[in-house]
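**Q** I am attaching a structure below and will ask some questions about it afterwards.
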Amino acid sequence: GVFTHLERLEAQAHEAGRKQEEKEQQEEKLARLKERVEELRTQRDKLQAKVDLQQKGQTGRKGIIESGTTEPSAGAVLEWKIRRLQGMLQAFYLTGISAKLTKRGVCFSISTAYEGTYLDSYYLDLLIRPEVQIHHHSVPIFIPLEQITKRYLKTDIRRCLSVLSDHLNAYARRKYQADQLQEHFSDQLEGTLQRNSLCNLLVFNYKVPGEGKTFPFNARLIYRDLCCSLPTEAVVSCTEKAPESLQETAAAHSELFRHLALHKAFCSFSRAEERED
Amino acid sequence: MDNTCQVYEDEIQSLEEEIKLLTEQYKDIQQESTFYSEKEILMAIKSFQGEFQGESKGYGSPSDLKAQLESLEADLSFLMKFTGIQFTRHSKKTVERTRNRTVQKHRLSGTCYSLSFQLEFQLLEMQDEEKVSSVITDLCIVMESGEDLNVSEFVSRTEEHGDLLTFFRSLSSYAEWYEHRRRTFLHFK
């Protein structure tokens, strides 16, 4: 009777109190967030005004002077110089060979690229005492590093890096072509391209666009020159008793693959197809 | 109530990103539009050491900055001697900067042994998770060895394909050979 009634009232009061507390916490949180938003908006607007001023005022020798100071601080000047030097080192990276001096020698970085697209880079960390030798490297195992260094490292480091760069770039470009083919022309390939780690042996079945559901051609590309990204041999054959026209096409493709990058060759097939429409 | 919270939180995140981008934009323009001579750099180094130890306006300690500067200069000096490539002028202008994409216009002049070159190109850098990819476009090469047909043919080919790396690798070999030939002829004069 009375007791349960009292319990109920207590529970209700407790609940009301809890709800009130929750409401106050929510309002507090909302107020804090609102304050933060306004803070950030002001900061953003100030920055935007600074940037707009920069873009209008422009190219005074000292740039735009920070308000409140008359001369840039020594720290700012040095940071400027550091950033500038870092920019120059980045330019060396783009040339294909960059380096960093280490306590016991020098660490070279060889970059690879297919035309304008930069691919992986590899490092060669050398010790110079008691004689030039490799400390660490990230050259893949299927690149004949030992052969190259045995021949050139101790007598002509520049030549050594040059030859290594040729091998690495050729490998990176062969790999790039195969990847591009897989990525952009998979509908013309039967399954996946078969390749070895060095990407100097590629085998695949393919068709040209608009030729129905069979893959009449088989291509076998061999790149005997490890410093070259075009095949030395391109055998294209037809998989069945094929009409003469297909045999002729296969011969034409064989010639094409030896002179044009793989993905570009396939691009030309699509263009030819478009022209016929 | 909850919905308003979410709206505020979303705006906070977008504002923070905007601020980050604007700060980087400001730093880019500041960097690219100022120039300090070697004399001013040396003065800054001296005055920096004079200031009392410790942090100075948010930059690293004097000894750290100086060490970093010397290390970078040593690396560059070594590279120029080793590769024969000397950059005499390098300027860049940030043309576009978004969260994971930066486009910069570069102007680069220099010599490779005795051959001089002038380049202009656009460098696009894209951040994809942890990988940064770089692509060169609009490559423009000016070289002075107009007499050698091989050179001008090779220059226009690499220019057409934006093949900056091959340009430098080949320039390096050619310049070395050219230098060797030049010295050999001088020897016989």
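Protein sequence lines correspond, in order, to chains A and B. Quick note on the UniProt record's numbering: the first sequence kicks off at 1 and runs consecutively. Quick note on the UniProt record's numbering: the second sequence kicks off at 1 and runs consecutively. Backbone N, C-alpha and C fix where the C-beta goes; we use that ideal spot for every residue, glycine too.
Among residues of its own chain, excluding the 5 on either side of B:Q53, which ones have a beta-carbon nearer than 8 Å to its beta-carbon?
**A** Counted from its first residue, the second sequence places residue 53 of chain B at position 53. Only weak support is given to the placement of B:Q53: the predicted model assigns it a pLDDT of 49, under 50, and the value that follows is read from those uncertain coordinates. Correct list, in chain order: S61, P62.
**Q** Could you check where the alpha helix (DSSP H) with B:A175 kicks off and where it finishes?
**A** Counting from one through the second sequence, the residue named residue 175 of chain B turns up at place 175. Its alpha helix (DSSP H) spans residues 164 to 188.
**Q** Do A:E115 and B:G162 come within 8 Å of each other at the CB atom, strictly closer than that value?
**A** By 1-based counting over the second sequence, the position of residue 162 of chain B is 162. By 1-based counting over the first sequence, the position of residue 115 of chain A is 115. Yes; because the gap between Cβ atoms is below 8 Å, this pair is in contact.
**Q** Whole angstroms is fine: what's the gap from A:K29's alpha carbon to A:E38's?
**A** Numbered from 1 along the first sequence, position 29 holds the residue referred to as residue 29 of chain A. Numbered from 1 along the first sequence, position 38 holds the residue referred to as residue 38 of chain A. Taking the straight line joining both Cα atoms gives about 14 Å.
**Q** With DSSP as the reference, identify every bridge partner of B:G110, one or two as the case may be.
**A** Counted from its first residue, the second sequence places residue 110 of chain B at position 110. The partner list for B:G110 (beta bridge, DSSP) reads B:F87, B:F117.
**Q** Exposed or buried, A:G1, counting other C-beta atoms within 10 Å across all chains shown (16 or more means buried)?
**A** Taking the first residue of the first sequence as position 1, residue 1 of chain A is located at position 1. By the 10 Å Cβ count, A:G1 comes out exposed.
**Q** Grouping DSSP H, G and I as helix and E and B as strand, with all else coil, what is A:T59?
**A** Residue mapping note: residue 59 of chain A aligns to position 59 of the first sequence, counting from 1. Caution applies to A:T59, whose pLDDT of 44 falls short of 50 and renders its modelled position unreliable; the value that the coordinates give is listed next. Reduced to three states, the DSSP call for A:T59 is coil.
**Q** Rounded to the nearest angstrom, what separates A:G63 and B:T94 at their Cα positions?
**A** The residue you call residue 63 of chain A lines up with position 63 of the first sequence. The residue you call residue 94 of chain B lines up with position 94 of the second sequence. Per-residue confidence for A:G63 stands at a pLDDT of 48, beneath the threshold of 50, marking its modelled position as unreliable; no derived number is given.
**Q** Looking at the structure shown, is A:V132 part of a helix, part of a strand, or coil, going by DSSP?
**A** The residue labelled residue 132 of chain A in the question sits at position 132 within the first sequence. Coil, per DSSP.
**Q** Against chain B, which members of the segment 77 to 95 of chain A pass a CB distance test of less than 7 Å?
**A** Listed by position, the residues of the segment 77 to 95 of chain A near chain B (Cβ gap below 7 Å) are V77, L78, E79, W80, K81, I82, R83, L85, Q86, G87, M88, L89, A91, F92, L94, T95.
**Q** So, for A:I148: in the same chain, excluding its five sequence neighbours on each side, which residues have a beta-carbon less than 8 Å away from its beta-carbon?
**A** Here residue 148 of chain A is taken as the residue at index 148 of the first sequence, counted from 1. For A:I148, where only same-chain residues beyond five positions count, the Cβ hits under 8 Å are C160, V163, L164, H167.
**Q** If the criterion is Cβ atoms closer than 8 Å, does the pair A:V236 and A:H253 meet it?
**A** The count along the first sequence starts at 1 and reaches residue 236 of chain A at position 236. The count along the first sequence starts at 1 and reaches residue 253 of chain A at position 253. Contact flag set, yes.
**Q** For the beta strand (DSSP E) that contains A:C107, what are its first and last residues?
**A** Working through the first sequence from its first residue, we reach residue 107 of chain A at position 107. Element bounds for A:C107: 105 to 114.
**Q** At least one CB of chain A closer than 8 Å to the CB of B:F117: is that the case?
**A** Residue mapping note: residue 117 of chain B aligns to position 117 of the second sequence, counting from 1. Chain A, which has no Cβ nearer than 8 Å to the Cβ of B:F117, makes this no.
**Q** With 8 Å set as the bound, which would you pick, yes or no: does the beta-carbon of A:R174 sit closer than that to a beta-carbon of chain B?
**A** One-based indexing of the first sequence puts residue 174 of chain A at position 174. No, A:R174 lies away from the interface with chain B (no Cβ there is under 8 Å from its Cβ).
**Q** Measure the C-alpha to C-alpha separation of B:Q118 and A:A272 and round it to an integer number of angstroms.
**A** As a position in the second sequence, residue 118 of chain B is number 118, starting the count at 1. As a position in the first sequence, residue 272 of chain A is number 272, starting the count at 1. Distance between the alpha carbons of B:Q118 and A:A272 is about 38 Å.
**Q** Counting only Cβ pairs nearer than 8 Å, list the residues of chain B close to A:G116.
**A** Taking the first residue of the first sequence as position 1, residue 116 of chain A is located at position 116. Here the neighbours are V135, I136, T137, L139, H161, G162, D163, L164.
**Q** Using C-beta distances below 7 Å, list every residue in its chain close to A:L198, excluding the 5 sequence neighbours before and after it, in chain order.
**A** For the purposes of this step, residue 198 of chain A is identified with residue 198 of the first sequence, where counting begins at 1. These residues qualify, in order along the chain: F142, Y171.
**Q** Please name the residue, chosen from A:K100, A:E71, A:Q90, that lies closest to B:F82 on a Cα-to-Cα basis.
**A** If you number the second sequence from 1, residue 82 of chain B lands on position 82. The residue with the shortest Cα to Cα distance from B:F82 is A:K100.
**Q** Of the choices A:Q43, A:K264, A:P144, A:Y122, whose alpha-carbon is the least far from that of A:D225?
**A** In the first sequence, residue 225 of chain A corresponds to position 225, counting from 1. Answer by Cα proximity: A:P144.
**Q** Find the nearest neighbour of B:Q104 within the set B:C5, B:E16, B:M126, judged by alpha-carbon distance.
**A** Translated into positions along the second sequence, residue 104 of chain B becomes position 104. Nearest option by C-alpha distance: B:M126.
**Q** In its own chain, which residues sit with a C-beta less than 7 Å from the C-beta of A:F266, not counting the 5 before and 5 after it?
**A** Translated into positions along the first sequence, residue 266 of chain A becomes position 266. Result list for A:F266: L181, F185, Q188, in chain order.
**Q** By the 8 Å beta-carbon criterion, what residues does the segment 89 to 113 of chain B contribute toward chain A?
**A** Residues H90, K92, H106, L108.
**Q** Using the three-state DSSP reduction, which class does A:S270 fall into: helix, strand or coil?
**A** Stepping through the first sequence from its first residue, residue 270 of chain A is reached at position 270. A:S270 falls in the helix class under three-state DSSP.
**Q** Report back the beta-carbon spacing between B:I29 and A:Q90 to the nearest angstrom; my notes put them in contact at under 8 Å.
**A** For the purposes of this step, residue 29 of chain B is identified with residue 29 of the second sequence, where counting begins at 1. For the purposes of this step, residue 90 of chain A is identified with residue 90 of the first sequence, where counting begins at 1. The pair is not a contact, with the Cβ atoms about 18 Å apart (cut-off 8 Å).
**Q** Pop quiz: B:E73 and A:L85 are said to be a contact at Cβ under 8 Å. What is the actual Cβ separation, rounded to whole angstroms?
**A** If you number the second sequence from 1, residue 73 of chain B lands on position 73. If you number the first sequence from 1, residue 85 of chain A lands on position 85. Contact flag correct, Cβ pair sits at about 7 Å.
**Q** Which one of B:A44, B:S37, B:Y26, B:Q31 has the shortest CA to CA distance from A:K46?
**A** Taking the first residue of the first sequence as 1, we reach residue 46 of chain A at position 46. Nearest of B:A44, B:S37, B:Y26, B:Q31 to A:K46, Cα basis: B:Y26.
**Q** Taking 8 Å as the CB-CB cut-off, is B:Y174 touching chain A?
**A** Your numbering for residue 174 of chain B matches position 174 in the second sequence. Output row for B:Y174: interface = no.
**Q** At a CB-CB cut-off below 9 Å, which residues of chain B make contact with residue 293 of chain A?
**A** This structure does not reach residue 293 of chain A, given that chain A is present from 1 up to 277, and the question cannot be answered.
**Q** How is the beta strand (DSSP E) around A:L221 delimited, first residue to last?
**A** Along the first sequence, one-based indexing puts residue 221 of chain A at 221. Counting along the chain, the beta strand (DSSP E) containing A:L221 begins and ends at 217 to 222.
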